[in-house]
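>
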Ligand SMILES: [Zn+2]
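Residue numbers (the numbering used here): 179 to 679.
Okay, here's the thing in structure tokens:
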């Protein structure tokens, strides 16, 4: 933390708004809904708002009362357990926003910094779902190769209904982190089997249907990349104990309440991997009304429809619900640096947030429900068209319905400070978990007052808001020593560096 960050944090602490006890005394949240736009850099939120509204500040989450930065880095940059609890990676605002030209392809020192040591979706999902830092590839596994309990299990223990839904395959890293434990995210069949057969999740929806391709057309031969033939058969003959939903009409019937299955639900739309992002113009044809100019797969539901359907199924439980909604294909289109299609994906995510807010305000209420909207990490570094010469230039707004001006700087994830929005039961709890102040959030992004948390604290906030008892956990001395050197508050250290909850 640099000098200015320390001063800002001191000022905020002195203002006395940070550590109010009201959130701790509030009654537990009945419902927790976590919404993850996967791989959404700052520019991804902005470019979509510009396309949708011609302005920032119009999305439902823009008016949420708690807006904080959130760091996402993993424990280390290994892809397997290292058996070393010492954090190898951190985030430094002074380095992340450094505008010094590098004279090489990185352009600026800050760009070079955030390109390094990024998390993958597995370690990030584990941080959100289980509250620990771990190695990339881990699905609710710690750095010693041990499975750790995750938030969906806690919710299930409390008698809540649980769900995880995504616009990418249901067994992909982020939804997997809310329904499985595995040493590697790449073990799709084992992850899918656990999600389907363990009973931790009542509703699963996402890509992965073996009978269709990315354009929603039937395949001559099934493709079992995302689940095994055994589990696919068990879903079809009913022995998996889940109602299998596949057609767009059935998803829409779930969403409007005319289809009311009892028991667990598996929703596999008639498409292979992404709902829409991987479709091809050669098959679907053109549609100038879409940001990408390509017509949508006509037989596939939106994430918004899936969100409404999941809430209808889960909302019947008197003990409440836990639901994770992932705009997973936002990340896939960031990897592809595809401006039109990432806007389509983020628009569907935004509509899903609107659907959740409408559910809270019509079926539940903000005293009973916590809604968190965030990303698991940056991806692609989308910035303004002149951001090769003007460091951190913002996205160029060309008005509603017009593609914004975007320059992409990277083809994979980034270690930037990300944006987090929260509202409802226990949201203020996050204000007690501040790890620092990042001047760039204020000066460059005009996002908030610069305060930020770490992604592991999302787990803490969800668990505390649901009323799960907090448990003291020993902190490795090496971790304390390392972080004391960074000047981080002790309370944050303890939360951040426990190895298991
Ligand atoms: Zn991700």
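Note that the Cβ used here is the ideal one computed from N, Cα and C, for glycine as well.
Can you check whether the CB of residue 636 is closer than 9 angstroms to the CB of residue 253?
no
> Under the criterion of a Cβ to heavy atom distance below 8 angstroms, does residue 634 qualify as lining ligand 1?
no
> What alpha helix (DSSP H) runs, 4 residues minimum, are completely inside the stretch 251-335?
Within the stretch 251-335, the alpha helix (DSSP H) runs of at least 4 residues that lie entirely inside it are, in chain order, 271-274, 287-292, 299-308, 329-335.
> Would you tell me roughly how many angstroms separate the C-alpha atoms of residue 540 and residue 493, rounded to the nearest one?
12 angstroms
> Give the DSSP bridge partners of residue 499, in chain order.
Residue 499 is bridged to 339.
> Pull up the distance between the alpha-carbon of residue 508 and that of residue 235, whole angstroms please.
20 angstroms
> Taking contact to mean 3 or more Cβ pairs, one atom from each stretch, closer than 8 angstroms, check whether the stretch 264-278 and the stretch 603-623 are in contact.
Yes, the stretch 264-278 is in contact with the stretch 603-623.
> Between the Cα of residue 599 and the Cα atoms of 633, 583, 570, which residue gives the shortest distance?
633
> Tell me whether residue 499 is buried or exposed, calling it buried when 16 or more other Cβ atoms sit within 10 Å of its Cβ.
buried
> Less than 8 angstroms between C-beta atoms, sequence neighbours within five positions excluded: which residues of the same chain meet that for residue 626?
Listed in chain order, the non-local C-beta contacts of residue 626 below 8 angstroms within the same chain comprise 245, 246, 247, 619, 620, local neighbours out to five positions each way being set aside.
> Within this structure, are the beta carbons of residue 479 and residue 439 separated by less than 9 angstroms?
Cβ distance not < 9 angstroms, so residue 479 and residue 439 don't count as in contact.
> Please confirm whether residue 134 and residue 606 have their CB atoms less than 9 angstroms apart.
Any answer about residue 134 is impossible in this case: the structure gives the chain only from 179 up to 679.
> Can you tell me whether residue 147 sits near ligand 1, meaning its C-beta is under 8 angstroms from at least one heavy atom of the ligand?
What the structure shows of the chain is the stretch from 179 to 679, and residue 147 is not part of that stretch, so it cannot be assessed.
> Residue 604 and residue 639 look like a contact to me (Cβ under 8 angstroms); what is the Cβ gap, rounded to whole Å?
6 angstroms
> Output needed for residue 312: all residues of its chain with C-beta closer than 7 angstroms, excluding positions within five of it in sequence on either side, in chain order.
252, 253, 301, 304, 319, 320, 321
> Buried or exposed: residue 557, going by 16 or more other Cβ atoms within 10 Å of its Cβ?
Residue 557 comes out buried.
> Quick check on residue 649: buried or exposed, where buried means 16 or more other Cβ atoms within 10 Å of its Cβ?
With a pLDDT of 49 at residue 649, under the threshold of 50, the modelled position of this residue cannot be trusted; read the value that follows with caution. That one is exposed.
> Let me make sure I understand the geometry here. Which of 572, 646, 645 has the alpha-carbon closest to that of residue 624?
With distances taken between CA atoms, residue 624 lies nearest to 572 out of 572, 646, 645.
> If distances are taken between C-alpha atoms only, which option among 477, 290, 451, 367 comes closest to residue 511?
451
> Just the C-alpha distance for residue 422 and residue 445, rounded to the nearest angstrom, thanks.
6 angstroms
> Which same chain residues, not among the five before or five after residue 350, have their C-beta less than 7 angstroms away from its C-beta?
344, 506
> How is residue 457 classed by DSSP in three states: helix, strand or coil?
Three-state result, residue 457: coil.
> How long is the line joining the alpha carbons of residue 357 and residue 306, rounded to whole angstroms?
Residue 357 and residue 306 have their C-alpha atoms spaced approximately 13 angstroms apart.
> Enumerate, from N- to C-terminal direction, the unbroken alpha helix (DSSP H) stretches of 4 or more residues contained entirely within the stretch 437-491.
Counting only runs of 4 or more, we get 459-462.
> Measuring only from the beta carbon, is residue 299 closer than 8 angstroms to any heavy atom that is part of ligand 1?
Relative to ligand 1, the beta carbon of residue 299 is positioned inside 8 angstroms of a heavy atom.
> Would residue 339 and residue 546 be called neighbours here (beta carbons separated by less than 9 angstroms)?
For residue 339 and residue 546, no; Cβs fall outside 9 angstroms.
> List the endpoints of the continuous alpha helix (DSSP H) containing residue 638.
634-644 is the extent of the alpha helix (DSSP H) around residue 638.
> Quick check: what's the CA-CA separation for residue 576 versus residue 371?
If you take the alpha carbons of residue 576 and residue 371, they lie about 46 angstroms apart.
> Could you say if the stretch 469-488 and the stretch 410-418 meet the contact criterion of at least three C-beta pairs nearer than 8 angstroms?
Touching, no, given that fewer than three Cβ pairs across the two stretches are closer than 8 angstroms.
> Taking the CB atoms as reference points, tell me whether residue 485 and residue 238 lie closer together than 9 angstroms.
Using a Cβ distance threshold of 9 angstroms, residue 485 and residue 238 do not count as a contacting pair.
> Consult DSSP for residue 567 and reduce its assignment to one of helix, strand or coil.
coil
> Output the residue ranges of the beta strand (DSSP E) runs that lie fully inside the stretch 533-614 and measure 3 residues or longer, sorted by chain position.
Fully enclosed beta strand (DSSP E) runs of 3 or longer: 547-552, 596-602.
> What did DSSP end up calling residue 133 once you bin it into helix, strand or coil?
Residue 133 falls outside the range modelled here, since the chain spans only 179 to 679, and no answer is possible.
> May I ask you to report which of helix, strand or coil DSSP gives residue 413?
helix
> Relative to ligand 1, is the shortest distance from any of its heavy atoms to the C-beta of residue 557 smaller than 8 angstroms?
yes
> Just verifying my parser: in three-state terms, what is the DSSP assignment at residue 735?
Any answer about residue 735 is impossible in this case: the structure gives the chain only from 179 up to 679.
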